Amino acid sequence: MSQSEPWFYAWCDESGRLDAFAAALSALVDPGALLSLMMSHQEGCETRSVDEVLAMIRDHFGETNNAHLGSGVRLRDSERTMMFELKCYTDESERLHPWGPLRLTAGERTWDFFPYEILVGSYGPRFVEAEAAVACHMVQGDIEELLLRLCAPDASGRVPTGACTINQEWRAPVEMCATYNASAAELARDLALSWVSLHDKESVSRTAGMSLEALRARVDAAPRGTRVPMKGMSELTRSLSREAVLKALATPPATLLEALEAAAVPDDVWRAAEPKAHEIMDLLRQIGEAPEGEGPPAFRADVTTRGHTRFLEEHAPFRVRRLPNGGVVLATHPFRTLWPLWSDALFVLGLMS
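Right under this line is the structure:
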């Protein structure tokens, strides 16, 4: 899988889109950071005032005049600071090209977000699996934090759904590395949107705001027995049937959520790597706490090799988070997709066919 900085997407009705943008900006921007705004029609400004930026956006946003803002964000989980870009697109722009409608990118280069090397013990053999697990731990919390800062910065519920990927395009939710749904009762939206995207070849950013009933009708309109191809490790998971999606939509949301939680158990390969990974993380903690030039011996290990990447693509664990606002986040490492989680849950429920 090609590596890129993470791209975060959120859908919001245009009537509340600027309010959603303002809330996300307030949740993202590092206090006192310089804000660089550029509108599509060349208006713009550089300021440290969020209010000034928002006033200019509200004065000019409309038709094909979109807002592009860059600034700095401090991540609570990793305590890192990096540049971000937050963009807000009008419905007219979305009709011309599906860019958003709300989009966030973090880091100016791939290595700004993903570690390319970590410190490991100087002695003993290399443990590629453990090193990859450490690299996963270093970014997973940041992915979920940024998705929530974009989609749920407050209790307004303006954004019903969103997602994260490293593929620079809002694809089928089951092909993303993380999704957000404001209501656990509509978690099956991920499957329905995936079907419409893969079967009807329609952009998710244009269909994400459809009601669950309208999405169900789109799935139901396909001929019986229709299947869409998926990237899976076994014959069973290489396609998704129309009937499986309709059955999932008819399944009580609580049952579907419990099945996803049961499926989000780290596999044996990941669990085998965890003890050594915790040793490496403890070493990193000791080095971080030691005076400069002191601490235990260590050397730099490249964690961008094909072996590291393949391990994350095949074994990175899944997280199912029930949120205080009633929403749900499904997430894994950006080098993996959510399809194995969904396929396992559907299989347990007897819905795969």
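Counting in our numbering, the final residue of the sequence shown is number 357, and the numbers go up one at a time with none missing. Quick reminder that beta carbons are idealized off the backbone N, C-alpha and C, glycines included. Computed from a predicted structure; not experimentally measured.
**Asked** Between the Cα of S8 and the Cα atoms of E190, P344, A59, H337, which residue gives the shortest distance?
**Response** Minimum Cα distance to S8 is reached at H337.
**Request:** Using beta-carbon positions only, say whether E135 and V307 come within less than 7 Å of one another.
**Result:** In this structure, V307 lies closer than 7 Å to E135 by Cβ.
**Message:** Once DSSP output is grouped into helix, strand and coil, what is the label at F12?
**Reply:** If DSSP states are grouped into helix, strand and coil, F12 belongs with the strands.
**Message:** Within a Cβ cutoff of 7 Å, which residues of the same chain sit near G66, ignoring the five residues on either side of it in sequence?
**Reply:** Result list for G66: T94, in chain order.
**Item:** Unbroken alpha helix (DSSP H) run spanning C312, endpoints
**Value:** Checking the sequence, you will find His at residue 312 rather than Cys. Looking at the DSSP string, the run of the alpha helix (DSSP H) that includes H312 is 310-319.
**Request:** Check whether the Cβ atoms of H45 and N69 lie closer than 7 Å to each other.
**Result:** H45 places its beta carbon less than 7 Å from that of N69.
**Request:** Express the C-alpha separation of V143 and E89 in angstroms, rounding to a whole number.
**Result:** Answer to the nearest angstrom: the Cα atoms are 18 Å apart.
**Distance, D55 Cα to Q229 Cα** = In the sequence as displayed, the identity of residue 229 is Gly instead of Gln. The straight-line gap from Cα to Cα measures roughly 54 Å.
**Request:** Would you mind giving the Cβ-Cβ distance between T165 and R193, rounded to the nearest angstrom? I have them listed as a contact below 8 Å.
**Result:** About 6 Å separates the beta carbons of T165 and R193, which is inside the 8 Å limit, making them a contact pair.
**Asked** Where does P177 sit, in a helix, a strand or coil, going by DSSP?
**Response** DSSP places P177 in helix when its eight states are reduced to three.
**Prompt:** Do you know offhand how far G48's Cα is from S40's?
**Reply:** Taking the straight line from one Cα to the other gives about 8 Å.
**Asked** How is R80 classed by DSSP in three states: helix, strand or coil?
**Response** Assigned with DSSP and collapsed to three states, R80 falls in coil, not helix or strand.
**Item:** Selection from E296, L29, A258, V132 that minimises the alpha carbon distance to H319
**Value:** Cα-wise, what sits closest to H319 is V132.
**Request:** Excluding the 5 residues preceding and the 5 following N329 in the sequence, name in chain order all residues of the same chain whose CB lies nearer than 8 Å to its CB.
**Result:** The beta carbon of N329 sits closer than 8 Å to the beta carbons of A156, A159, G161, A186 from its chain, once the five residues preceding and following it are set aside; these are given in chain order.
**Asked** Based on the DSSP output, what are the partners of A123 in its beta bridges?
**Response** The amino acid at residue 123 is misidentified as Ala; the sequence shows Leu. By DSSP's assignment, L123 forms a beta bridge with R304.
**Beta-carbon contacts of M60 that lie in its chain and below 7 Å, excluding the five residues immediately before and after** = The beta carbon of M60 is closer than 7 Å to those of L41, E47, C49 in its chain, skipping five residues each way along the sequence.
**Alpha carbon of V332 to alpha carbon of L191, nearest angstrom** = Going from the Cα of V332 to the Cα of L191 covers about 8 Å.
**Nearest to L123 (by Cα), restricted to the options R304, S198, E179, M356** = If we check each option's Cα against that of L123, R304 comes out closest.
**Asked** Which word fits A137, buried or exposed, when buried means at least 16 other C-beta atoms lie within 10 angstroms of its C-beta?
**Response** Of the residues assessed, A137 falls on the buried side of the cut-off, its CB having 16 or more other CB atoms within 10 angstroms.
**Item:** Reference E112, options H141, G76, S30, E317, closest by Cα
**Value:** Distances from the CA of E112 to each of H141, G76, S30, E317 were compared; the closest alpha carbon is that of G76.
**Item:** Terminal residues of the alpha helix (DSSP H) in which R325 lies
**Value:** It is not in any alpha helix (DSSP H) - R325 instead sits in the beta strand (DSSP E) that spans 323-326.
**Message:** Does V332 come out as helix, strand or coil in the three-state DSSP assignment?
**Reply:** Look at V332 here: in three-state DSSP terms it is strand.
**Other residues of its chain near D224: CB distance less than 7 Å, five sequence neighbours each side excluded** = Cβ within range, chain order: L250.
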